[in-house]
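Shown next, in C-alpha cells, is the structure this report addresses.
Numbering (full-length UniProt numbering), first residue to last: 1 to 327.
As C-alpha cells, then:
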C-alpha cells in the first residue's frame, strides 16, 4: 500500500510502499477514503509529543470502508463505513477506565502516534474504538469530525451553558464549535491571529457575532472561553476577558509555556481547566448530534502524496477549515 511515513521527528514525511496490514484478533482493516490533518499530527511530526512509534503513519481522523475483519469482530462487517479517532486502545482495568474516564488511561495507545494511522491507503484499528459514520456526510466532510469535532465537543461540553463564549484560535475545531454553540443559543466571540481578516470573516459567516485579534478586548466580558490555539500566553488574556465565576478551557494536547500572571486574574472563582483526548461516549454523542445541528465541515482536500504540503499549510495558518488527505 502507499503511505506517507514519519521516519524521524522534524523530517518531512517520506512516500513509501508498505506491506498491506493484516487485522489481528478484535481488529478490522479499512480502505481509507479520507484522513483529516490535525494540529496534533504537527505536534507529533515536529517532535513536540515525545516517543512516537517510529517509523510511523500519522493520521487519526480516518474515514473508510471495512474490507477485512479479524477474529472475534462482530460490531462491523466488510462494506461498513466507519471512522477511527485518536483514542485507539485502553487497558479497561485501571481506575480511570473503570470510572468512565478512559481518556485518562495511563496505558492508552493513540492512533497516528503509538499506532499507525490514516496517511495511507489502508489502516488497521481495534474495532471497539471505531464509530459508524452518519450517512449525511461524504468521507472527506466526515473526517474532521473524528478529532476537530470530538475534541471540540469535549472542550465545549463544560461551558455549553455559558451565554457569551470566546473561541481563541479559529481553525478546524473552532469552526465546528461555533456551530454547536449557536445551535445551543450561545453568543460567540472569535479571536484569530492579528491581521487574519479571512479567518475573522469566516467566523462571522458561521455565526460569531464579533471577531478580532487574540489580545483584543472583546466588546463584552465573556462567561467562558476555549483556547484552541496552542499559545500559553493566551491563558492570562482569556482569564482577563472572562467574568468572575467564568471558565477557561485549554483544549490542545500541547501548548507553549503559560507565563506567570497575577492571582487577581484567577481570583473571583474563575476556573482554568484542560481537556484530554476523548472517550467513546464522546464519539457517540458528537456523531449523533452532528446531523441534528447540522454540522457543516469546511475542508481543503489534498492528495495523499501532498501530505507535507497540508502540514505546512496548517503550520502557517493558511487553511480555512480543515485539511483532508484523500488517497
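Backbone N, C-alpha and C define an ideal beta-carbon position, used for all residues, glycine too.
- Query: Of all the alpha helix (DSSP H) runs that stay within the bounds of the region 285 to 320, which reach a length of 4 or more residues?
  - Reply: 307 to 316
- Quick one: measure Cβ to Cβ for residue 315 and residue 42, integer angstroms, because I've assumed they're closer than 8 Å. 6 Å
- Quick one: is residue 292 buried, meaning 16 or more other Cβ sit within 10 Å of its Cβ, or exposed? exposed
- Message: If you follow the alpha helix (DSSP H) that residue 40 is in, where does it begin and where does it stop?
- Response: 39 to 45
- Contact check, residue 289 vs residue 304 under 8 Å by CB: the rounded distance? Going by Cβ atoms, the distance from residue 289 to residue 304 rounds to 30 Å, so no, they are not a contact pair.
- Own chain, CB closer than 6 Å to residue 265, minus 5 neighbours either side, in chain order: 236, 239 and 240
- Count the other CB atoms, across all protein chains shown, that sit within 10 Å of the CB of residue 61; report buried if there are 16 or more and exposed otherwise. buried
- Message: Applying the 10 Å Cβ sphere with the 16-neighbour rule, what's the burial state of residue 27?
- Response: buried
- Task: Return the bridge partner residues of residue 168 from the DSSP annotation.
- Result: 191 and 227
- Item | Delimiting residues of the beta strand (DSSP E) encompassing residue 244 | 242 to 250
- Length-filtered (3 minimum) beta strand (DSSP E) runs lying within the region 52 to 81: 62 to 69
- Task: Spatial neighbours of residue 234 within its chain, please: CB distance less than 7 Å, with the 5 preceding and 5 following residues excluded, ordered by chain position.
- Result: 168, 214 and 227
- Message: Rounding to the nearest angstrom, what Cα-Cα distance links residue 306 and residue 2 in this structure?
- Response: 12 Å
- Hey, how far is the Cα of residue 194 from the Cα of residue 175? 18 Å
- Under the assumption that residue 144 contacts residue 297 (Cβ atoms under 8 Å), give the Cβ distance between them as a whole number of angstroms. 5 Å
- Item | Residue closest to residue 276, alpha-carbon to alpha-carbon, out of 6, 56, 86 and 211 | 86
- Query: Going by beta carbon distance, what residues of the same chain come within less than 6 Å of residue 202, once the five residues before and after it are set aside?
  - Reply: 320
- Going by the CB atoms, is the gap between residue 9 and residue 47 shorter than 8 Å? yes
- Query: Does the region 103 to 123 come close enough to the region 176 to 194 to have 3 or more Cβ pairs within less than 8 Å?
  - Reply: no
- Item | Exposure of residue 51, with buried meaning 16 or more beta-carbon neighbours within 10 Å | exposed
- Relative to the C-alpha of residue 286, which residue among 142, 7 and 17 is closest? 142
- Report buried or exposed for residue 88, applying the criterion of at least 16 other Cβ atoms within 10 angstroms of its Cβ. buried
- Message: Using C-beta distances below 6 Å, list every residue in its chain close to residue 258, excluding the 5 sequence neighbours before and after it, in chain order.
- Response: 232 and 235
- Query: Taking residue 35 as the reference, which of 317, 95, 299 and 7 has the closest Cα?
  - Reply: 299
- Message: When you compare the CB positions of residue 242 and residue 224, do they come within less than 8 Å of one another, or not?
- Response: yes
- Message: Short of 6 Å in beta carbon distance, which residues of its chain neighbour residue 199, apart from the five on each side in sequence? Order them along the chain.
- Response: 170 and 192
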